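Asker:
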Amino acid sequence: MNPPLHGLNPPAHSQTLEQFSFNDAIVRKFVFVTMLWGVVGMLVGVLIAAQLTMPAANFGEYLSFGRLRPLHTNAVIFAFAGNAIFAAVYYSTQRLLKTRVFSDLLSNIHFWGWQLIIVAAAISLPLGFTQGKEYAELEWPIDIAVVLIWVVFAVNFFGTIAVRRERHLYVAIWFYIATVIAIAVLYIFNNLAMPADWHRSYSIYAGSQDAFMQWWYGHNAVAFFLTTPFLGIMYYFLPKAAERPVFSYRLSIVHFWSLVFIYIWAGPHHLHYTSIPDWASTVGMLFSVMLWMPSWGGMINGLLTLRGAWHKVAQDPVLKFFVVAITFYGMSTFEGPLLSVKSVNSLSHYTDWTIAHVHAGTLGWVGFMVFGMVYWLAPRLYQTSIAKPSWVNLHFWLATIGIILYIIPIYTAGLMQGLMWRTFNSDGILEYDFLSTVTRLIPMYWLRTIGGTLYLAALIIGCVNLILTWLKRPTHYEVPVYEAAALSKSWKPEVAPQSSLPSGNVLEMGRSLDRFAALRWHRGLEGLPLTFTIWVVIAVVVASLFEIIPMFTIRSDIPRIASVEPFTPLECIGRDIYVSEGCVNCHSQMIRPLVAETERYGEYSKPGESVFDHPFLWGSRRIGPDLAREGVRNPSALWHLRHFNNPVDTSPGSIMPPFAHLVDQPIDWSQAIRAVTTLSKVGVPYNPQTIADAEKLAHTQSDKVFAQLVTENGTASGVEGVKDMKVLAVIAYMQRLGTDLNKPIDVAPAAPVVPEPKTAPLQTTSRSAP
Amino acid sequence: MADTFHNQEPKFHQEKILEHESDGIQEFDNPMPFWWSAIFWLTIGFAYVYFTYFVIGVGASVQREYQVDLGVFYQEQFGKLGELKPIPATIFKLSSDPKMMKAAQGLFSANCAVCHAADGGGLTGPNLCDNDYINVKKVEDIFKVVSGGVVSKGMPQWSNRFSEPQLVLLTSYVAHLRGTTPAAPKAPQGVSIPPWITK
Numbered sequence: 078m079n080p081p082l083h084g085l086n087p088p089a090h091s092q093t094l095e096q097f098s099f100n101d102a103i104v105r106k107f108v109f110v111t112m113l114w115g116v117v118g119m120l121v122g123v124l125i126a127a128q129l130t131m132p133a134a135n136f137g138e139y140l141s142f143g144r145l146r147p148l149h150t151n152a153v154i155f156a157f158a159g160n161a162i163f164a165a166v167y168y169s170t171q172r173l174l175k176t177r178v179f180s181d182l183l184s185n186i187h188f189w190g191w192q193l194i195i196v197a198a199a200i201s202l203p204l205g206f207t208q209g210k211e212y213a214e215l216e217w218p219i220d221i222a223v224v225l226i227w228v229v230f231a232v233n234f235f236g237t238i239a240v241r242r243e244r245h246l247y248v249a250i251w252f253y254i255a256t257v258i259a260i261a262v263l264y265i266f267n268n269l270a271m272p273a274d275w276h277r278s279y280s281i282y283a284g285s286q287d288a289f290m291q292w293w294y295g296h297n298a299v300a301f302f303l304t305t306p307f308l309g310i311m312y313y314f315l316p317k318a319a320e321r322p323v324f325s326y327r328l329s330i331v332h333f334w335s336l337v338f339i340y341i342w343a344g345p346h347h348l349h350y351t352s353i354p355d356w357a358s359t360v361g362m363l364f365s366v367m368l369w370m371p372s373w374g375g376m377i378n379g380l381l382t383l384r385g386a387w388h389k390v391a392q393d394p395v396l397k398f399f400v401v402a403i404t405f406y407g408m409s410t411f412e413g414p415l416l417s418v419k420s421v422n423s424l425s426h427y428t429d430w431t432i433a434h435v436h437a438g439t440l441g442w443v444g445f446m447v448f449g450m451v452y453w454l455a456p457r458l459y460q461t462s463i464a465k466p467s468w469v470n471l472h473f474w475l476a477t478i479g480i481i482l483y484i485i486p487i488y489t490a491g492l493m494q495g496l497m498w499r500t501f502n503s504d505g506i507l508e509y510d511f512l513s514t515v516t517r518l519i520p521m522y523w524l525r526t527i528g529g530t531l532y533l534a535a536l537i538i539g540c541v542n543l544i545l546t547w548l549k550r551p552t553h554y555e556v557p558v559y560e561a562a563a564l565s566k567s568w569k570p571e572v573a574p575q576s577s578l579p580s581g582n583v584l585e586m587g588r589s590l591d592r593f594a595a596l597r598w599h600r601g602l603e604g605l606p607l608t609f610t611i612w613v614v615i616a617v618v619v620a621s622l623f624e625i626i627p628m629f630t631i632r633s634d635i636p637r638i639a640s641v642e643p644f645t646p647l648e649c650i651g652r653d654i655y656v657s658e659g660c661v662n663c664h665s666q667m668i669r670p671l672v673a674e675t676e677r678y679g680e681y682s683k684p685g686e687s688v689f690d691h692p693f694l695w696g697s698r699r700i701g702p703d704l705a706r707e708g709v710r711n712p713s714a715l716w717h718l719r720h721f722n723n724p725v726d727t728s729p730g731s732i733m734p735p736f737a738h739l740v741d742q743p744i745d746w747s748q749a750i751r752a753v754t755t756l757s758k759v760g761v762p763y764n765p766q767t768i769a770d771a772e773k774l775a776h777t778q779s780d781k782v783f784a785q786l787v788t789e790n791g792t793a794s795g796v797e798g799v800k801d802m803k804v805l806a807v808i809a810y811m812q813r814l815g816t817d818l819n820k821p822i823d824v825a826p827a828a829p830v831v832p833e834p835k836t837a838p839l840q841t842t843s844r845s846a847p
Numbered sequence: 002m003a004d005t006f007h008n009q010e011p012k013f014h015q016e017k018i019l020e021h022e023s024d025g026i027q028e029f030d031n032p033m034p035f036w037w038s039a040i041f042w043l044t045i046g047f048a049y050v051y052f053t054y055f056v057i058g059v060g061a062s063v064q065r066e067y068q069v070d071l072g073v074f075y076q077e078q079f080g081k082l083g084e085l086k087p088i089p090a091t092i093f094k095l096s097s098d099p100k101m102m103k104a105a106q107g108l109f110s111a112n113c114a115v116c117h118a119a120d121g122g123g124l125t126g127p128n129l130c131d132n133d134y135i136n137v138k139k140v141e142d143i144f145k146v147v148s149g150g151v152v153s154k155g156m157p158q159w160s161n162r163f164s165e166p167q168l169v170l171l172t173s174y175v176a177h178l179r180g181t182t183p184a185a186p187k188a189p190q191g192v193s194i195p196p197w198i199t200k
């Protein structure tokens, strides 16, 4: 089957026609790996969902929740969604621009490079190699590879634009341009880190600033990896499948530019009530609210494009996938601004509500756009009909039921948990201890696991169907040759027509405004890719700098606390283990200034407390309790030892995985000096003596923790095997958490905390390192 | 079904289609829906007003709101009790009040039960129900241990975390545990001391 290609007939007056064909082999490759990695990523998703219902599903050190959760997110974002984006870009760009892709070689380098990166991620994350920042876990050598491959993609993409035979860029291409530019900027600047060795590095930013950078990245990864490219996909594949014109060209223009400009600002809404300055959190919230309509612009343009084609939706599964996808997009982009309102966020943050929100977006919007696209592409790519048309419907319905079974219980769990955390009884005491707020959610976690399994099963049916379709392919793919004229050298950008307002009766300004609002001037811009791209860069960079510059220059936003000191060498080792094990995936270290929270965990976290945190470990989810004041709340070494070894020994019903391997593996003492040396390079003020004695200091403190264990246990028997083991380093780190705030300082009698950020005088650290 | 759709001659059939096309895709020249533009402008207006009030103007920061909430909370919780001091009279007055002991139980189970068990029978921390104590000779000593901690043995310094009335409440709860029967009592630690002098 070879569908006719529209619009390739050159205008009659044109000179010479050039012949070209499309590279669809690269599209076939990307489609195949999209589905393959989709299965892998979602399989891991189902496994980690199951782990939350039964900790026994944590199969040892390498397959525990903390290490697999980043594997799940990275696989579904960068492997499943990523490869789908590349398939879409390669397929639609060639056709929209009437040219073969710029370079077949670069396309292949892009393909194989990206798959190698995914394999490297799939190996390194279970090994515990992680930077500890969400969706930016991959360690620095892989980061470099990602940037290089992204550059290859960018060269290939912009090269294709350069050799195009269609003057004007269609709206899908605008969204691809925004994706290529923004992801490059975001990825590079959030991942800047100082390597300690080949598989460990420390973010160059610390505490509040690192948190800010992370969520500037994290939020915009959602924006420019899971939203803009999929809007591009929608703008190409939806009108193709529906064979209807796009509802409104003007709406495309307005919602594209407002989306690109406004999205960038919204990141700090992930950090409400945390130790970032109030203004940043407020700006994040307000831009999120303003983002509502620009997002809905996409939804409207999608759904209204189907006017006159709804009878097709009932019959064509491709359109069914698209309609449900766009509906979920509309829901998620309404919920997003809602969750960004501070008072709503105080309830939803750290709970499963966020997880439900994300999965409505990814399973619904991203997943269903991908499936719709793949089923539309399959007959065209494999030049045969779909092997099992009825299975496509089965995929659709199973996956839809899967999504509903996933999100409804998880929304319920999120609401329940948020409400339980803040419930006081009539005596002013918190009604629920933390553990009981977890165990009550387990039934919901089971339902979610079933929902996820259905979605995965549906995907597997889709994969089998695709393979069967592929098996039916012709011996040789037909490669049609098309003709079009080269771009004319004499082209001048279109000039917008004058305003139709009568010139005598209104001011000239009114006429200019009317002319601007008609948006016809944009047509000229669409013929100038370089100018267009520069405007995208300006939108992204200017919006970023408006927040980043104050964040890094207003020092009074992060008042120093004299009693807060850098971690000791042993605590650094413990912290590295904490990062490696992915503890941050379940435990926050950020107590918000809310009464229910300070009653449960202690004094709220201050910006000055995490100034030595490279990376910040505030977390985004409390599957387990907050640990910001763990050293104050529970300094018992023996309790921690028993708890790490087997959490249910101390906390019956706990769903935390056991970390028995920490009890058996000796501390890598050389890590002490690597850690403090590298951290001092990113600005942690260790004195030279500490660096020189790092290993000795680590030994001394480890012996001290061990001695405490023996004292608490009453006898050395039973704990003697723990000496010099990794668990001692983690216990030392636990015992330190949150204790500096109230520590007496022996230097200045000044109050340890500078209370009001707006008016407080600047204080600097007055003590040297331990 | 398809026919009814077409026979209706919907309004959009008269809409203007722009002359350009890309790979066969055409676009209508429709304006943005009015409600869409209106809500967009409203959100921009809201952002302007909110920012002016809370960032440039006098709106309370989240920290200041917290201080107010906390004041109200403590007022409600302890206002009616007046000041609580760690003296035997107060401690035993509280420990004989079932309502106060129920409140204290909440504090105990959320903070102390991890080491001392929910019923005080002891886990990694000592049994609080028997007659043997490590650092306590008289009832006021419980207050000293609870507030000051025995950091070398893993007992936190709870004064970092709780107000004095809360510490006194906890003290009276621990005093009240003595003599109760836990489910799994830990072996006695320390030395046996005489019963509390309640007067």
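Going down the list, the sequences are from chains A and B. Under our numbering, think of the first position of the first sequence as 78, with each following residue one higher. Under our numbering, think of the first position of the second sequence as 2, with each following residue one higher. Every residue gets a Cβ at the ideal spot worked out from N, C-alpha and C, and that includes glycine. On a predicted model such as this, the values are computed, not experimentally measured, just so you know.
1. Going by other Cβ atoms of all chains shown within 10 Å of its Cβ, with 16 needed for buried, is A:V824 buried or exposed?
2. Going by alpha carbons, who is nearest to A:F157 out of A:L124, A:G190, A:L475 and A:L303?
3. In angstroms with no decimal places, state the Cα-to-Cα distance between A:L145 and A:Y212.
4. Evaluate A:I808 with the Cβ neighbour count: other Cβ atoms within 10 Å of its Cβ, from every protein chain shown; 16 or more gives buried, anything less gives exposed.
5. What does A:P316 reach in chain B if we use C-beta pairs closer than 7 Å?
6. Does the region 429 to 441 of chain A touch the region 500 to 514 of chain A, meaning 3 or more C-beta pairs lie closer than 8 Å?
7. Take B:A176 and list the residues in its own chain whose beta-carbon comes closer than 8 Å to its own, dropping the five residues that flank it on each side.
8. Can you name the residues of chain A whose CB is closer than 7 Å to the CB of B:H21?
9. Would you kindly check if the distance between the Cβ of A:S141 and the Cβ of A:A249 is under 8 Å?
10. Along the region 784 to 811 of chain A, what residues have a CB closer than 7 Å to any CB found in chain B?
11. Does the distance from the C-beta atom of A:I487 to that of A:I432 stay below 8 Å?
12. What is the C-beta distance between A:F644 and A:F693, in whole angstroms, given that I count them as a contact (C-beta under 8 Å)?
13. Between which two residues does the beta strand (DSSP E) harbouring A:M586 extend?
14. The ligand HEM and A:Q778: does any heavy atom of the ligand fall closer than 7 Å to the residue's C-beta?
15. Between the Cα of B:V50 and those of A:R699, A:A231, A:N233 and A:T359, spot the shortest distance and give me the residue it belongs to.
16. Does the Cβ of A:W474 have 16 or more other Cβ atoms within 10 Å, making it buried, or fewer, making it exposed?
17. Going by other Cβ atoms of all chains shown within 10 Å of its Cβ, with 16 needed for buried, is A:F623 buried or exposed?
18. At which residues does the alpha helix (DSSP H) containing A:M271 begin and terminate?
19. Between which two residues does the alpha helix (DSSP H) carrying A:A433 extend?
20. Does the beta-carbon of A:R321 have 16 or more other beta-carbons within 10 angstroms, so that it is buried, or is it exposed?
21. Is B:P166 close to chain A, meaning its C-beta is less than 8 Å from at least one C-beta of that chain?
22. Could you give the DSSP three-state label for A:E320: helix, strand or coil?
23. What do you get for A:N135, buried or exposed, if any count of 16 or more other CB atoms within 10 angstroms of its CB means buried?
24. Please confirm if the region 248 to 264 of chain A is in contact with the region 177 to 189 of chain A, defined as three or more CB-CB distances below 8 Å between the two stretches.
25. Tell me, which residues are paired with A:R277 by DSSP?
26. Within a Cβ cutoff of 6 Å, which residues of the same chain sit near A:G75, ignoring the five residues on either side of it in sequence?
27. Taking 6 Å as the limit between beta carbons, can you name the residues of its chain near A:N723, skipping five residues before and five after?
28. Check whether the region 264 to 279 of chain A touches the region 314 to 330 of chain A, taking contact to mean three or more Cβ pairs, one atom from each stretch, closer than 8 Å.
29. Return the residues of the region 695 to 727 of chain A that lie within a Cβ-Cβ distance of less than 8 Å from chain B, sorted by chain order.
30. Evaluate the contact criterion for the region 378 to 396 of chain A versus the region 648 to 667 of chain A: three or more CB pairs, one atom per stretch, below 8 Å.
31. When we look at the beta-carbon of A:I631 and count the other beta-carbons within 10 Å, is it buried (16 or more) or exposed?
32. So, at 6 Å on beta carbons, what are the nonlocal neighbours of B:M101 in its own chain, with the 5 sequence-adjacent residues on each side left out?
33. Please report the straight-line C-alpha distance between A:A161 and A:V108, rounded to a whole angstrom.
34. Hey, does B:Y51 have any beta-carbon neighbour from chain A nearer than 8 Å?
35. With a Cβ-Cβ cutoff of 8 Å, do B:L168 and B:L129 count as a contact?
36. So the candidates are A:H426, A:S779 and A:T150; which of them puts its Cα closest to the Cα of A:V799?
Answerer: So, from the data block:
1. Sequence index remark: in the first sequence, residue 824 of chain A carries index 747 (1-based). Only weak support is given to the placement of A:V824: the predicted model assigns it a pLDDT of 47, under 50, and the question is left unresolved by the model.
2. Along the first sequence, one-based indexing puts residue 157 of chain A at 80. The shortest Cα separation from A:F157 among A:L124, A:G190, A:L475 and A:L303 belongs to A:L303.
3. For the purposes of this step, residue 145 of chain A is identified with residue 68 of the first sequence, where counting begins at 1. For the purposes of this step, residue 212 of chain A is identified with residue 135 of the first sequence, where counting begins at 1. Cα to Cα, the separation comes out at about 12 Å.
4. As a first step, residue 808 of chain A is located in the first sequence; it is residue number 731 there, counting from the start. By the neighbour-count rule (16 or more Cβ atoms within 10 Å), A:I808 is buried.
5. Residue numbering aside, residue 316 of chain A sits at position 239 when the first sequence is read from its first letter. Scanning chain B for C-beta atoms nearer than 7 Å to the C-beta of A:P316 yields I26, reported in chain order.
6. Here the region 500 to 514 of chain A makes no contact with the region 429 to 441 of chain A; the two share fewer than three CB pairs at distances below 8 Å.
7. One-based indexing of the second sequence puts residue 176 of chain B at position 175. Taken in chain order, the residues that qualify are I92, F93, S96, V140, I143 and W197.
8. For this step, residue 21 of chain B is matched to residue 20 along the second sequence. Below the 7 Å Cβ cutoff, chain A contributes H245 as neighbours of B:H21, in chain order.
9. Numbered from 1 along the first sequence, position 172 holds the residue referred to as residue 249 of chain A. Numbered from 1 along the first sequence, position 64 holds the residue referred to as residue 141 of chain A. No.
10. Residues Q785, T788 and E789.
11. Along the first sequence, read from residue 1 onward, the residue named residue 487 of chain A stands at position 410. Along the first sequence, read from residue 1 onward, the residue named residue 432 of chain A stands at position 355. For the 8 Å CB-CB criterion, A:I487 and A:I432 form a contact.
12. One-based indexing of the first sequence puts residue 644 of chain A at position 567. One-based indexing of the first sequence puts residue 693 of chain A at position 616. Wrong, their Cβ atoms sit about 13 Å apart, outside the cutoff.
13. Counting from 1 along the first sequence, the entry for residue 586 of chain A is found at position 509. Careful: A:M586 lies outside any beta strand (DSSP E), inside the alpha helix (DSSP H) at E585 to A594.
14. With respect to the ligand HEM, the structure shown offers nothing to examine, as it has no ligands at all.
15. Position 49 of the second sequence, counting from 1, holds the residue named residue 50 of chain B. By alpha-carbon distance to B:V50, the top candidate from A:R699, A:A231, A:N233 and A:T359 is A:T359.
16. On the first sequence, position 397 is the one that residue 474 of chain A refers to. Flag for A:W474 reads exposed.
17. To locate residue 623 of chain A, count along the first sequence from 1; it is residue 546. Exposed, by the Cβ-count rule.
18. Taking the first residue of the first sequence as 1, we reach residue 271 of chain A at position 194. Per DSSP, A:M271 lies in no alpha helix (DSSP H) segment; the continuous beta strand (DSSP E) that holds it begins and ends at A270 to D274.
19. Along the first sequence, one-based indexing puts residue 433 of chain A at 356. D429 to H436 is the span of the alpha helix (DSSP H), which, as asked, contains A:A433.
20. Position 244 of the first sequence, counting from 1, holds the residue named residue 321 of chain A. A:R321 comes out buried.
21. Within the second sequence, the letter at position 165 stands for residue 166 of chain B. No, its Cβ sits nowhere closer than 8 Å to a Cβ of chain A.
22. Looking up residue 320 of chain A in the first sequence gives position 243. Coil.
23. The residue you call residue 135 of chain A lines up with position 58 of the first sequence. It is buried - the Cβ of A:N135 has at least 16 other Cβ atoms within 10 Å.
24. As far as the Cβ criterion goes, the region 248 to 264 of chain A does not touch the region 177 to 189 of chain A, which means the pair count is below three.
25. In the first sequence, residue 277 of chain A corresponds to position 200, counting from 1. Residue pairing by DSSP places A:R277 opposite A:D274 in a beta bridge.
26. Chain A is shown from 78 up to 847; residue 75 of chain A falls before or after that span and cannot be answered.
27. Mapped onto the first sequence, residue 723 of chain A falls at position 646. Same-chain partners within the cutoff: P735.
28. Result no; under three Cβ-Cβ pairs closer than 8 Å.
29. Of all residues in the region 695 to 727 of chain A, R706, V709, R710, N711, P712, S713, A714, L715, W716, R719 and T727 have a Cβ within less than 8 Å of some Cβ in chain B.
30. By the Cβ criterion, the region 378 to 396 of chain A is not in contact with the region 648 to 667 of chain A, since fewer than three pairs of Cβ atoms, one from each stretch, lie closer than 8 Å.
31. Position 554 of the first sequence, counted from the first residue, corresponds to residue 631 of chain A. By the 10 Å Cβ count, A:I631 comes out exposed.
32. Within the second sequence, the letter at position 100 stands for residue 101 of chain B. Apart from sequence neighbours up to five positions away, the residues of its chain that approach B:M101 with a beta-carbon distance below 6 Å are L95, ordered along the chain.
33. Taking the first sequence and counting its residues from 1, one reaches residue 161 of chain A at position 84. Taking the first sequence and counting its residues from 1, one reaches residue 108 of chain A at position 31. If you take the alpha carbons of A:A161 and A:V108, they lie about 6 Å apart.
34. In the second sequence, residue 51 of chain B corresponds to position 50, counting from 1. With 8 Å as the cut-off, B:Y51 counts as an interface residue toward chain A.
35. Taking the first residue of the second sequence as position 1, residue 168 of chain B is located at position 167. Taking the first residue of the second sequence as position 1, residue 129 of chain B is located at position 128. No, Cβ-Cβ distance for B:L168 and B:L129 is not below 8 Å.
36. Taking the first residue of the first sequence as 1, we reach residue 799 of chain A at position 722. Nearest C-alpha to A:V799: A:S779.
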